[in-house]
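Trainee:
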Amino acid sequence: MAATLTSGTQMAVIKSCFSSSHKSFMPTRASISTENQNSSWKSLASSSRIVSMDPSLQSLAVRPVKSVKFVTRAMSVENENKPLPGLPVDLRGKRAFIAGVADDNGYGWAIAKALAAAGAEILVGTWVPALNIFESSLRRGKFDESRMLPDGSLMEITKVYPLDAVFDNPDSVPEDVKTNKRYSGSSKWTVQEVAESVKQDFGSIDILVHSLANGPEVSKPLLETSRNGYLAAISASSYSFVSLLKHFVPIMNPGGASISLTYIASERIIPGYGGGMSSAKAALESDTRVLAFEAGRKHKIRVNTISAGPLRSRAAKAIGFIDMMIDYSLENAPLQKELTAEEVGNVAAFLASPLASAVTGAVVYVDNGLNAMGVGVDSPIFENLDIPKDKRS
């Protein structure tokens, strides 16, 4: 435990208005002198559809004041269908690097789509052994349906880089990996080399997304996890974020944002999520806070992590009990619906945008509220309690 940007990424601000009907009104200004206040009030009430005058406004009409200025609302019928003013998630002119995209059904892919829908240029880093299949699927149009953006266009990925975030530089790559045929044909895929390639190709980025994790012994209970398995989980799932930010932050523009993905197992017991993965997620969240301080003070970069709920992605299926976790969430979360990758992508787009300019060092839960629950309400123990349920579920 990688999307179409929905209307949820735009927050409209609607100002209050004088009205006795359900129509909406646009602002206009009126200035009333003391000589013709009474006639003006009648005219204003008629033109603005004000049936009864507010008593506080009536008092203004009898006071000997020089002038009274106020805002009324009016809208012609032809303007009612125009888009509302609001706070759009606007990432035009921004460039994002998303590490950990290897297919079209995980959170990394969803985040890439959301950022693209908001106008960002997309670069991705793909695990070296999965690179050929991913690039081939892109070329053959296998992802075209899932590349569709809200405006009908297809998400464009400017460049795909081979990446193995377990290795910081060429010197850290063991000989057996260098000679592994799954890595043959690819070069410059360590974190340092990828950062250097991106700098050479594009100069800078604004958004860095860490959407990768691996625990070779994830199916083992913690008590049965080997030292190598535990350290491998920490290396691939948490230190990889430290390494990515370390190497990319020098080419990130001030005001940029970095986002990673975590899971509730960092702070709650999730049986079956073993092999040191819960420890890795806890480390990732702790690192998020420290990195937010360091990257914020030194480089003006914000660092946040999204604690996402369970998703039926290919990567999650490797754990072996993803369907059970989704069923549990449906039964026990405050919002009884299956979480979509798009919902996580939308939150990532917000966190990457200027709308979240004061948000850093945060763990943002996108899990239908499951993190707030203290018990599983589907337990037979609670069968006599009047627990509300979503009738649509």
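Counting from 0, one number per residue, gives the positions in the sequence shown under numbering that gives the first Met the number 0.
Using N, Cα and C, we set each Cβ at its ideal position, and we do this for glycine too.
#1: Here's the rule I'm using: 16 or more other beta-carbon atoms within 10 Å means buried, otherwise exposed. How should V289 be labelled?
#2: For Y229 and G184, which I take to be in contact (beta-carbon distance under 8 angstroms), what is that distance rounded to the nearest angstrom?
#3: Report the residue ranges of all alpha helix (DSSP H) runs contained in full by the segment 299–342; include only those spanning at least 4 residues, in chain order.
#4: Taking C-alpha atoms, which residue in S136, Y272, A355 lies nearest to T304?
#5: Would you check if the distance between the CB atom of S265 and the CB atom of S277 is smaller than 8 angstroms?
#6: The alpha helix (DSSP H) spanning R138 covers which residue range?
#7: Quick check on the burial criterion: 16 or more other C-beta atoms within 10 angstroms. Buried or exposed for T359?
#8: How many angstroms separate the CA atom of F395 from the CA atom of A194?
#9: In chain order, what residues of the same chain have a beta carbon less than 8 angstroms from the beta carbon of A119, not counting five sequence neighbours either side?
#10: Does the distance from the CB of A232 to the CB of A279 come in under 8 angstroms?
#11: Given a cut-off of 8 angstroms, decide if I97 and V127 are closer than it, judged by their beta-carbon atoms.
#12: Beta-carbon separation of S421 and G99 under 8 angstroms?
#13: Would you grab the beta carbon distance between M372 and A332 for me? Rounded to a whole angstrom, and I think it's under 8 angstroms.
#14: Beta-carbon within less than 6 angstroms of D366's beta-carbon, same chain only, minus the 5 sequence neighbours each way: which residues are those?
#15: I need the straight-line Cα distance from P220 to Y160, nearest angstrom please.
#16: Report all residues from its chain with a CB closer than 6 angstroms to the CB of E330; omit the five preceding and five following residues, and keep chain order.
#17: Give the straight-line distance between the Cα atoms of K198 and K158, rounded to the nearest whole angstrom.
#18: Rounded to whole angstroms, what's the CA-CA distance from H209 to E382? Just pull it up for me.
#19: Determine the direct distance from the alpha carbon of L130 to that of E174, and round the result to whole angstroms.
#20: Note down, in chain order, each residue of its chain lying with its Cβ closer than 8 angstroms to the Cβ of I110, except the 5 sequence neighbours on either side.
#21: On the CB-based measure, 16 or more other CB atoms within 10 Å of its CB, does R399 come out buried or exposed?
#22: My understanding is that T261 touches L243, with C-beta atoms under 8 angstroms, so please give their C-beta distance in whole angstroms.
#23: How should S171 be labelled, buried or exposed, when 16 other C-beta atoms within 10 angstroms of its C-beta is the threshold for buried?
#24: Is it buried or exposed, K112, if we count other Cβ atoms within 10 angstroms and call 16 or more buried?
#25: Note down, in chain order, each residue of its chain lying with its Cβ closer than 6 angstroms to the Cβ of F133, except the 5 sequence neighbours on either side.
#26: So who's on the other strand from A95, going by DSSP bridges?
#27: Tell me which same chain residues have a C-beta within less than 6 angstroms of the C-beta of Y182, skipping the five on either side of it?
#28: What do you get for T287, buried or exposed, if any count of 16 or more other CB atoms within 10 angstroms of its CB means buried?
#29: Could you tell me the distance, in whole angstroms, from the CA atom of K180 to the CA atom of K187?
#30: For A370 and T178, I'd like the C-alpha separation in whole angstroms.
#31: Find the nearest neighbour of G375 within the set M324, E337, A357, judged by alpha-carbon distance.
#32: From L384 to G271, what does the alpha carbon distance come to, in whole angstroms?
#33: Assuming N213 and S236 make a contact with CB atoms under 8 angstroms, what is their CB distance in whole Å?
#34: Looking at the strands, I want to know which residues DSSP matches up with T261.
#35: State the DSSP-derived secondary structure class of T157, mapped to helix, strand or coil.
#36: So for P379, helix, strand or coil by DSSP?
Mentor: In brief:
#1: Position 290 of the sequence shown, counting from 1, holds the residue named residue 289. V289 comes out exposed.
#2: Sequence index remark: in the sequence shown, residue 229 carries index 230 (1-based). Sequence index remark: in the sequence shown, residue 184 carries index 185 (1-based). In this structure, Y229 and G184 do not form a Cβ contact; the two beta carbons are roughly 32 angstroms apart against a cut-off of 8 angstroms.
#3: With a minimum length of 4 residues, the continuous alpha helix (DSSP H) runs that stay inside the segment 299–342 are 313–316, 321–331.
#4: For the purposes of this step, residue 304 is identified with residue 305 of the sequence shown, where counting begins at 1. Answer by Cα proximity: A355.
#5: To locate residue 265, count along the sequence shown from 1; it is residue 266. To locate residue 277, count along the sequence shown from 1; it is residue 278. Annotated as proximal: S265 and S277, with beta-carbon spacing under 8 angstroms.
#6: For the purposes of this step, residue 138 is identified with residue 139 of the sequence shown, where counting begins at 1. Per DSSP, the unbroken alpha helix (DSSP H) holding R138 starts and ends at 127–138.
#7: Within the sequence shown, numbered from 1, the residue matching residue 359 stands at position 360. Around the Cβ of T359, a 10 Å sphere holds 16 or more other Cβ atoms; the residue is buried.
#8: In the structure as shown, the chain begins at 0 and stops at 392. Residue 395 is therefore absent and cannot be evaluated.
#9: Residue 119 sits at position 120 when you count from the first residue of the sequence shown. When the five nearest sequence neighbours on each side are left out, the beta carbons in the same chain lying within less than 8 angstroms of the beta carbon of A119 are those of L90, R91, K93, R94, A95, D205, I206, A351, in order along the chain.
#10: Within the sequence shown, residue 232 is the residue found at index 233, counting from 1. Within the sequence shown, residue 279 is the residue found at index 280, counting from 1. Contact flag set, yes.
#11: As a position in the sequence shown, residue 127 is number 128, starting the count at 1. As a position in the sequence shown, residue 97 is number 98, starting the count at 1. Not a contact, by the Cβ cut-off of 8 angstroms.
#12: Only positions 0 to 392 of the chain appear in this structure, which leaves residue 421 out of reach.
#13: Here residue 372 is taken as the residue at index 373 of the sequence shown, counted from 1. Here residue 332 is taken as the residue at index 333 of the sequence shown, counted from 1. Correct: roughly 7 angstroms between the Cβ atoms.
#14: Taking the first residue of the sequence shown as position 1, residue 366 is located at position 367. Closer than 6 angstroms at Cβ, skipping near neighbours: G308.
#15: For the purposes of this step, residue 220 is taken as the residue at position 221 of the sequence shown. For the purposes of this step, residue 160 is taken as the residue at position 161 of the sequence shown. P220 and Y160 have their alpha carbons spaced roughly 35 angstroms apart.
#16: Translated into positions along the sequence shown, residue 330 becomes position 331. So the list reads D377, once near-sequence residues are dropped.
#17: The count along the sequence shown starts at 1 and reaches residue 198 at position 199. The count along the sequence shown starts at 1 and reaches residue 158 at position 159. K198 and K158: Cα-Cα distance of roughly 13 angstroms.
#18: In the sequence shown, counting from the first residue as 1, residue 209 sits at position 210. In the sequence shown, counting from the first residue as 1, residue 382 sits at position 383. Rounded to whole angstroms, H209 to E382 spans 42 angstroms at the Cα level.
#19: Taking the first residue of the sequence shown as 1, we reach residue 174 at position 175. Taking the first residue of the sequence shown as 1, we reach residue 130 at position 131. Their Cα atoms are separated by approximately 20 angstroms.
#20: For the purposes of this step, residue 110 is taken as residue 111 along the sequence shown, with counting starting at 1. Annotation for I110: A1, A2, I97, V208, S210, I258, V343, G344, A347, A348 place their beta carbon closer than 8 angstroms to its own, counting only its chain and skipping 5 residues before and after.
#21: With the chain covering 0 to 392 only, the question about residue 399 has no answer from this structure.
#22: Mapped onto the sequence shown, residue 261 falls at position 262. Mapped onto the sequence shown, residue 243 falls at position 244. The pair is not a contact, with the Cβ atoms about 15 angstroms apart (cut-off 8 angstroms).
#23: What you label residue 171 is simply residue 172 of the sequence shown in a count that begins at 1. Under this definition S171 is an exposed residue.
#24: In the sequence shown, counting from the first residue as 1, residue 112 sits at position 113. Looking at its Cβ environment, which holds 16 or more other Cβ atoms inside 10 Å, K112 is buried.
#25: Residue 133 sits at position 134 when you count from the first residue of the sequence shown. Cβ within range, chain order: A101, T125.
#26: Here the question's residue 95 lines up with position 96 in the sequence shown. In the DSSP output, where bridge partners are listed per residue, A95 has I121, I206.
#27: Sequence index remark: in the sequence shown, residue 182 carries index 183 (1-based). Around Y182, the same chain offers V127 as residues with beta carbons nearer than 6 angstroms, after the five sequence neighbours per side are excluded.
#28: Within the sequence shown, numbered from 1, the residue matching residue 287 stands at position 288. Under this definition T287 is a buried residue.
#29: Sequence index remark: in the sequence shown, residue 180 carries index 181 (1-based). Sequence index remark: in the sequence shown, residue 187 carries index 188 (1-based). Computed Cα separation, rounded: 15 angstroms.
#30: What you label residue 370 is simply residue 371 of the sequence shown in a count that begins at 1. What you label residue 178 is simply residue 179 of the sequence shown in a count that begins at 1. For the record, residue 370 in the displayed sequence is Asn; it is not Ala. Answer to the nearest angstrom: the Cα atoms are 44 angstroms apart.
#31: Residue mapping note: residue 375 aligns to position 376 of the sequence shown, counting from 1. Comparing Cα positions, the closest option is M324.
#32: Reading the sequence shown from its first residue, position 385 is the one you call residue 384. Reading the sequence shown from its first residue, position 272 is the one you call residue 271. For L384 and G271, the distance between alpha carbons rounds to 29 angstroms.
#33: By one-based count along the sequence shown, residue 213 stands at place 214. By one-based count along the sequence shown, residue 236 stands at place 237. The C-beta distance from N213 to S236 rounds to 6 angstroms, short enough to meet the 8 angstroms contact threshold.
#34: Along the sequence shown, one-based indexing puts residue 261 at 262. Its beta-bridge partners are S306.
#35: Along the sequence shown, one-based indexing puts residue 157 at 158. T157: strand per DSSP, three-state reduction.
#36: Position 380 of the sequence shown, counted from the first residue, corresponds to residue 379. P379: helix per DSSP, three-state reduction.
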